[in-house]
Each structure stands twice: as structure tokens, then as C-alpha cells.
Amino acid sequence: MIDQAELAGLKANWEHFSKTQQELFSVLIENKQTHLFADWDAPGTNDDAKADFAETLEKTNANYPGGLTAYIANAQTLLAEAKEGKNPFEGLTPEQPSKVDLSKFGPEYDRYEEIGVKQFEKTGIVMVAGGLGERLGYNGIKIDIAVETLESTPYISHYAQCIKAMEARMESPRLIPFIIMVSRDTGPKTMETLESNNYFGLQKEQVHILRQELVPAIADNDGSLALKEKYQLILKPHGHGDIHMLLYTSGLAKKLHKEGIEHFLFIQDTNGQVFNAAPAALGVSVEKDYDFNSIAVNRVPGEAVGGLARLVGNGTDLTLNVEYNQLDPLLRATVSPEGDVPNEQGYSMFPGNINVLCIKLSSYVRILEDSQGIIAEFVNPKYADESKTTFKKPTRLETMMQDLPKLFSPAEKVGVSIFAREWCFSANKNNIVDAAAKHAAGSPPESSATAEDHFYLVGRQRLTEAGVEIEEAAQELILGVPFTQGPKVILRPSFAMTLAEAKEKITGGS
1 MIDQAELAGL
11 KANWEHFSKT
21 QQELFSVLIE
31 NKQTHLFADW
41 DAPGTNDDAK
51 ADFAETLEKT
61 NANYPGGLTA
71 YIANAQTLLA
81 EAKEGKNPFE
91 GLTPEQPSKV
101 DLSKFGPEYD
111 RYEEIGVKQF
121 EKTGIVMVAG
131 GLGERLGYNG
141 IKIDIAVETL
151 ESTPYISHYA
161 QCIKAMEARM
171 ESPRLIPFII
181 MVSRDTGPKT
191 METLESNNYF
201 GLQKEQVHIL
211 RQELVPAIAD
221 NDGSLALKEK
231 YQLILKPHGH
241 GDIHMLLYTS
251 GLAKKLHKEG
261 IEHFLFIQDT
271 NGQVFNAAPA
281 ALGVSVEKDY
291 DFNSIAVNRV
301 PGEAVGGLAR
311 LVGNGTDLTL
321 NVEYNQLDPL
331 LRATVSPEGD
341 VPNEQGYSMF
351 PGNINVLCIK
361 LSSYVRILED
371 SQGIIAEFVN
381 PKYADESKTT
391 FKKPTRLETM
401 MQDLPKLFSP
411 AEKVGVSIFA
421 REWCFSANKN
431 NIVDAAAKHA
441 AGSPPESSAT
451 AEDHFYLVGR
461 QRLTEAGVEI
471 EEAAQELILG
481 VPFTQGPKVI
491 LRPSFAMTLA
501 EAKEKITGGS
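Written out as C-alpha cells, the structure reads:
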């Protein structure tokens, strides 16, 4: 048993814990986590806190594939690399990725859209929805925010309408799986909004809720789990890459693949434009046989948006998102002394990542099995000084869903589908004050106002493509954020899910 003097308190409390908890404690102590159990109070003092602590350890151990020992081992490896200052792009040269540019409408766009519609019946939708609206000035979950104010349609209702519209256009009707990743904060409220609104017309059995859990913070380079105080772990978010882990641990990806689903479309919680581009993006994935297709936008060099680049060298050939503050130095050190420079149209040769992904399940399920859903974790410690021996505050392992291609073999095909920005992406992630500041600095405001503005803009674009003459109001600055007062056009998904449908059902006029 345990005989260290500092663990005398734990020894005195030992019999109060289950066999499973005792085994976990022993394993943690073997893995240099003795500090978690040091100087415990005698039985009868803080017993509830000890029980809660044991339960927290047990839950975090169960939630991470391989348990806490695997988490600690991964942390030690990544922290050692961070201390060495290892450059993840060492020896790699950026090249333009394989891409299809659909930023302008025309026959090619129509063709890909037609292919994509036929793929609806083999597609599942995955939404990452772990955020609250507090930062936006909204008291509730973000998916309950209205995407437009003419009919006050919440984002979740709009997404449900799009899914139902996809189902209505299938040759062989079936329910489209709708998978929602929630957090501890959003889980109960998400269930409440679904149940109180009869799942917004969807069937209960097609909606799958996966809850993201927190991971322990790390106190030092040895991978010591951090304590807020005695009997209380510091827990932090692991990142939106957890969706891959949850799709693995739940068995849902494997199950849906067996049921005939061939692609997952990953979307964000407050991007009401995503389904405008979804049909054509699916068409690109099918025709190009992409295992991983990033829906992207043209970006201006230096813009604070990650760039999608093909990285070649050292026997590596990967297409990945490279953060904007890493892309320019990488280019200067390799192929472009001037850094990220514009082309004739003023855009970078590296499209902007918007975290909308279309992934082929045949390769995805295999990669999930091989990795247990743990996708390219990284760590970003803030060191107290140049010795890199202590942290300013505890860190944690993180993972991002767009990093999945880091696990791909040369056999997997990764590509990019480029769309006009307002057509496919207008996020609602800034309050009005921050949005005005961003606009003043020359960056997209990405607020409720701009998201609604672009929602109506797409309605006008569909009418224009159908031959309707539209006199658009002048753009105004309202509280420092640009907004066009009209016409405010909504074409419901049930009426025109695709651009082709709008052109077929509407003819000319003004």
C-alpha cells in the first residue's frame, strides 16, 4: 500500500473510496501526481470535498481515451517540445492547395450544386454549439439568437429548416442526422429549446446531443495536474476538436457510416450563411473525391484569418490551416521573401479558413479508430521567464477540429472549396462595441447586425441571379457598424434550398 508520510491522510481515508477510485489514486501516484493527495485531512473533516474530488478524478479519467495517465503522458511530450521551441513547420514549404473556386456564380457552380443535392441523402450535419451569448450581450445560448429580425428566426430554427429542405429534395427520403456538440454551460438550455419547440420540426431520433467535458489544467513541465485548492482540480476546455473524440467514443460516426452516411458537414453555431454553399461544397467533395474539404473564402494578405496551405517536405505532404501570424514568417523563410503577397485580384494564394468542413466518413471512421478521436493536440504554455521552467498560470492540452488532416496518410485527398464570403460565412461573434472597433480597424465586424445584413444580401443575390432588378439602399453606419436597410429579402429553404431553384421558380421582375 502507500507509505509516504505526506500521504498519511489519504491512507486514513482509503476505505471510504470505491475500489475503482482506489485503483485510480494508485495509478496517479505512480505517475508522479502525489501532490493531489498530499496532507489530506483526517476522516470526518472535509469528507464531502474528498468525495467530490474523487468523483471528478473518476469522471475526467473516463472521459479521456486512455484515461488521465494518457493525458499526462501526452502533456509531458508536448510540453517538452514546447520548451525546446520546436517549429512544427521546420523543413516544410508552403504551396497553393488543391482548390475549386466557386466564388462567382455560373455553369460550374450550378453543376457542383446539382451533384451536391444528390448527396443530401448520404450526409449528416455536425454543429459545434458550446457557447453562450453573454459576450454578445445576449442572455442565453447562441443558437437561440435570431439570425434575422423580420421573422425573428433563431439560428437553430434556420438550421432545422435547411435540414428539412434537404430531406424534401431527396430521391429516397430519409432523416438527416443532426449532431450537436454542447458544453456543460449549453447542454441543458439546448435540450430545453429543442423540447419546447418540438425539435423545430425535426424528428427527435435524428438529433444527437454529444456533451463536451473539461480536461485538467497542467501546472508544470512534468505534467502535474493543477489544483485550485485542496480537493479541487482546475478544469479547462479542451477545444472544439473534441467533436472528433465524441464522435469516436459515442460510436456515432461508425454507426452512421454503417447506415449509409458518406459525408459529415461540420458547421458553426452562428453562421447563418453556411447552407447557401453546402450543396455545391458537397458536390465538390463527391466529384473530386476529397476525404477532407475545407469551405473557404478569399483572404487579403495579413488578414487575421488562418490560411489554408499545402505543406511539402521531409516526406510530408499535408494541406492544413496555418494561423495568419505563422503563415507570413513561414513564407518569408521559404518561397516568398516578401511574405504573404496579393495576386492580381488582391487576394492571398492561401484561402481563408472559416471552419466549415466536409469530411468523407470512410476515411474518417478509420482515422478515429486509429487515434481514438484525439486529434493533433497542442499546448500553449505562458512561461514565467526565459528558462521556461515555470508557467505564469496553468495550461492545458487543446485540439482544433480543422487539424484532422495532420493524421492523414498520403492516400487521403484534401482540398478547398472557395466561395464568396457573404454567401457562405458571416459569423455572429462580436458585440456591437467590439464590432464597431473591428470595422474601424478595417476588419469584418462579425456581429448580429452584419450577420443579419448578409442574410438579406443573399436573398437579394438569389433574386438578382433569377433576373430580378433590385434597387439596393445605400449602406449606412449604425453605431459604427455598416448595414444596408433593404430590400430585406428572405427566401425560405423550403422554397429555394439551392441557387438553381431560385432561378427556376422566379423569373425577372423588379
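Just so we're aligned: 186 in full-length UniProt numbering is position 186 of the sequence shown, and the numbers increase by one with no gaps anywhere.
Ideal Cβ positions, reconstructed from N, Cα and C, are used throughout, including at glycine.
{"Asked": "Other residues of its chain near Gln76: CB distance less than 6 Å, five sequence neighbours each side excluded", "Found": "Gly223"}
{"Asked": "Met127, DSSP secondary structure in three states", "Found": "strand"}
{"Asked": "Range covered by the alpha helix (DSSP H) that runs through Ile367", "Found": "Leu361 to Ser371"}
{"Asked": "Spatial distance of Leu308 from Asp340 (CA atoms)", "Found": "12 Å"}
{"Asked": "Span of the alpha helix (DSSP H) around Arg332", "Found": "Tyr324 to Ala333"}
{"Asked": "Contact under 8 Å by Cβ, Phe105 with Ser157", "Found": "no"}
{"Asked": "Where Lys505 sits in the DSSP three-state scheme", "Found": "helix"}
{"Asked": "Inter-stretch contact at 8 Å, needing at least 3 Cβ pairs: the stretch 322 to 336 / the stretch 361 to 375", "Found": "no"}
{"Asked": "Cross-strand partners of Cys162 (DSSP beta bridge)", "Found": "Answer is none; Cys162 lacks a bridge partner."}
{"Asked": "Residue 511 in three-state terms, based on DSSP", "Found": "Past the edges of the chain, shown from 1 to 510, lies residue 511, and the structure says nothing about it."}
{"Asked": "Given Val414 as reference, the closest of Gln212, Ala168 and Asp317 once Cα atoms are compared", "Found": "Asp317"}
{"Asked": "Whole-Å CB distance - Val128 paired with Ile243, under 8 Å assumed", "Found": "6 Å"}
{"Asked": "Cβ-based neighbour list, Phe264, same chain, cut-off 6 Å, excluding 5 preceding and 5 following", "Found": "Gly124, Val126 and Ile359"}
{"Asked": "8 Å contact criterion, which Val286 and Gln119 should meet: CB distance rounded", "Found": "5 Å"}
{"Asked": "Cβ pair Tyr138, Val147 closer than 8 Å", "Found": "no"}
{"Asked": "Three CB pairs or more closer than 8 Å across the stretch 197 to 211 and the stretch 175 to 184", "Found": "yes"}
{"Asked": "Same chain, Cβ closer than 7 Å to Gly241, neighbours up to 5 away in sequence not counted", "Found": "Ile375, Thr399, Met400, Met401 and Asp403"}
{"Asked": "Any chain C beta carbon closer than 8 Å to Gln273", "Found": "The structure shown contains no chain C, having only a single protein chain."}
{"Asked": "Counted within 10 angstroms of its Cβ, other Cβ atoms place Thr45 as buried (16 or more) or exposed", "Found": "exposed"}
{"Asked": "Ala390 - DSSP class collapsed to helix/strand/coil", "Found": "For the record, residue 390 in the displayed sequence is Thr; it is not Ala. DSSP places Thr390 in strand when its eight states are reduced to three."}
{"Asked": "8 Å Cβ cutoff met for Lys142 and Asp269", "Found": "yes"}
{"Asked": "Neighbour-count burial assignment, Asn343, 16 or more Cβ in a 10 Å radius", "Found": "exposed"}
{"Asked": "Proximity test, Ile163 beta-carbon vs the ligand FMN heavy atom, cut-off 7 Å", "Found": "No copy of the ligand FMN appears in this structure; indeed no ligand is present at all."}
{"Asked": "Exposure label - Glu15; buried when at least 16 CB within 10 Å", "Found": "exposed"}
{"Asked": "Residue environment, Glu501, which counts as buried when at least 16 other CB atoms sit within 10 Å", "Found": "buried"}
{"Asked": "The stretch 84 to 102 contacting the stretch 481 to 496, beta-carbon criterion three pairs below 8 Å", "Found": "no"}
{"Asked": "Which of helix, strand or coil DSSP assigns to Gly442", "Found": "coil"}
{"Asked": "Span of the alpha helix (DSSP H) around Ile243", "Found": "Asp242 to Thr249"}
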